[in-house]
Each structure stands twice: as C-alpha cells, then as structure tokens.
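In our numbering, the protein residues as written are 39 to 351.
Using N, Cα and C, we set each Cβ at its ideal position, and we do this for glycine too.
Input: a single structure, listed below in structure tokens.
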Ligand SMILES: Cc1cc2nc3c(=O)[nH]c(=O)nc-3n(C[C@H](O)[C@H](O)[C@H](O)COP(=O)(O)O)c2cc1C
C-alpha cells in the first residue's frame, strides 16, 4: 500500500487546487491512497507564539500525516506570480521546530501540481517551490509536470473534473509519481510509517521470509516472518502507551540504529532498535535492547502477556 498526502494551498471551499486533488483520488494506480489536506486551522507563523505554546495542534497533526505518508503532492495556487502566503506559511510551520523537520521532510518524495483560471497554470508558483523543497531536503520528483490553466472551464459546478484529456494527464502524472515514491521508499521509511500509523499490515511485505528477531529478554534468536511479526506487534502494543517516540537515528548503508523512549506507568523506558535490510528493501535482522533494568523488568511480563494473548495486530 502506498499512502500519498495531497496538500492543497487554498482555504477556499471552491478551490480549483483542492478540486484537482479530489480528482486525483479517483485516478490513482491500484494499491495507492491519497488523503487530501488543507491549511485550515494553521495560524500565521509567530515566533513568540511558538516560544510560548510550541507548535499549534493543527500543525502537529499535519506533520504526523506527512511523516506517515510515502509521498506528498502539493497542489499550489499562484498569487502574483509566486507562492500564496497561506501555503508558504503552512509549510514554514511544518518545518518547526528545526530538530523535527527531517522527520517530516528529509528524503520524502514531493511533487507539485497546480491549477489557475489564468493561461499559465501556476508555472511560476510551481517553480517557486523548488528552492523551498530543496532547503527542506525533500526528494522532488521532476519527471512530470501538470499545470492546469483555464481551470474555471475544466471543473463542473460540483468541482468534478470535466475534461477527459486532463483526467488522463493527471492519471499519468500520478502513475509516475507513485513509481518514484515506491522506488524511494526505503525499509526504514516503511518501518517508520508502520510505527506512526500503528498499522502492522505492512509488516508482511517489509519483513524478509528469513528475518531474525532478537529480543532483549529471550536468548534464542527468533527466525522467520511470522514469529518476528508476532514480537513486533506485541512490542508496539506494550511500548506504545502514547509516549513512544524515536529520539535518534544512526545510519549505515543497509542498517540503522534507532533510539527510542517511552513511559509505561511511571517507568521510563529507553532502548534501541538495530535494523538491517537486504537489497530488496526487506528487513533481515531486528534486534531490540532496553535500559534501565527496571524498564526491562516492567516490559518482560507485559510482552509475555501480549505474546500469549495475541496483541491486536
Ligand atoms: C492575490 C491574488 C493574486 C493572484 N495572482 C495570480 C497569478 O499571479 N497567477 C495566476 O494564474 N492566478 C492568480 N490569481 C488567481 C488565482 O489563480 C485564483 O484565485 C485561483 O482560483 C486560486 O486558487 P484556488 O481556486 O485553489 O483557491 C491570484 C489571485 C489572488 C487572490
């Protein structure tokens, strides 16, 4: 399953850019979903507000949606030959705080489309996004272009796309972007998406058949996809008390160490996941270590219980 997030840069109920994303929802390749989001609820960026209250809840929610996606499609209006302030403001908030920007943007596939009633179909606004996306470290897809001009004539009164040729172009654009997204999606990104969405279904594809799982409590390595999935689902169930978060990441070419923290009751749990993957992007080794001893003592019986009871997958 490939999850795309479509972010429209307009607040208007009758926005042609939001309509373009809605049209995209029915022209996706099989196995792909596209959620449409808008900048509603995001205030004007104000450093004082941020210092006082942190990132607003609408921003935090959108950051999590992007982080859980495999790729992001920006549908940009064009104002005065540039990016509308509303849209740029949203992206600026999403890049805060800087320490969390990589989780949201870095190496994430992005593509830009846009619609305008004028004759040039947002060409300048689309170009203006390039330095922004480069600064954020996003992986920009330049393999296709979609600039919808005379947008007033291509959507009907209900906002549905009424131009079959444009529908075809949109489908082709989406197919290209999805292919790019799937190629770019590493084992680690897919693991993060599973953790963020608490949806363990992707584990069947992500785990190699002969994957080896090593738990902090069990001496014998567990071999195979089924048992590894069982342990990971149980661990997600036990550790994800609403406090679970990754706090550090160290990468090698086909392996990484991810440090996490969580709290169970009043017990602080700190640990690392050591993950290796093969050339096909499937996880071949998954080792978990925990500290301090009190955390291990807390987690062990809960894991045993979750493994016996079959934690909800
Ligand atoms: C302040 C302002 C400036 C605009 N400048 C441009 C422009 O430079 N190029 C263009 O094609 N359309 C321009 N437009 C028209 C927008 O493309 C049009 O309002 C469009 O419907 C906005 O996108 P939306 O329907 O998704 O809200 C401008 C509109 C506004 C309000």
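Quickly, what does DSSP pair residue 151 with across the bridge? List them, please. 113
Let me check you understand the geometry: is the CB of residue 118 closer than 7 Å to at least one non-hydrogen atom of ligand 1? yes
Residue 318 versus residue 294 - alpha carbon distance: 16 Å
Strand pairing of residue 302, partner residues [DSSP]: 305
Where does residue 120 fall in DSSP's three states? strand
Leaving out five residues on either side along the sequence, give the residues of the same chain with a beta carbon under 7 Å from the beta carbon of residue 224. 319
Under 8 Å, with one C-beta from each stretch per pair, do the region 238-249 and the region 129-142 reach the 3-pair mark? no
Nearest candidate by alpha-carbon position, reference residue 325, set 74, 267, 215, 87: 267
Buried or exposed: residue 108, going by 16 or more other Cβ atoms within 10 Å of its Cβ? buried
Thinking C-beta only, is residue 113 closer than 8 Å to residue 58? yes
Does the separation of the CB atoms of residue 307 and residue 297 fall below 8 Å? no
Leaving out five residues on either side along the sequence, give the residues of the same chain with a beta carbon under 6 Å from the beta carbon of residue 351. With a pLDDT of 45 at residue 351, under the threshold of 50, the modelled position of this residue cannot be trusted, and the question is left open.
Consider the C-beta atom of residue 55 and the heavy atoms of ligand 2; say whether any pair is separated by less than 7 Å. Of the ligands this structure carries, namely ligand 1, none is ligand 2.
Cut-off 6 Å between Cβ atoms - residues of its own chain near residue 368, not counting five sequence neighbours on either side: One cannot answer for residue 368 here, as it falls past the ends of the chain, which runs 39 to 351.
Apply the 10 Å Cβ neighbour rule to residue 181 and answer buried if 16 or more other Cβ atoms are within range, or exposed otherwise. exposed
Going by Cα to Cα distance, which pick from 207, 331, 116 is closest to residue 48? 116
Given 7 Å as the limit, tell me if residue 155 has its C-beta closer than that to any heavy atom belonging to ligand 1. yes
For ligand 1, is there a heavy atom less than 7 Å away from the beta-carbon of residue 188? no
Any heavy atom of ligand 1 closer than 7 Å to the CB of residue 115? yes
For ligand 1, any of its heavy atoms closer than 7 Å to the Cβ of residue 133? no
Please name the residue, chosen from 185, 88, 141, that lies closest to residue 229 on a Cα-to-Cα basis. 141
Which two residues bound the contiguous alpha helix (DSSP H) that contains residue 281? Run containing residue 281: none; DSSP gives neither H nor E here.
Taking only three categories from DSSP, how would you classify residue 86? helix
Do three or more CB pairs link the region 90-97 to the region 50-67 at distances below 8 Å? no
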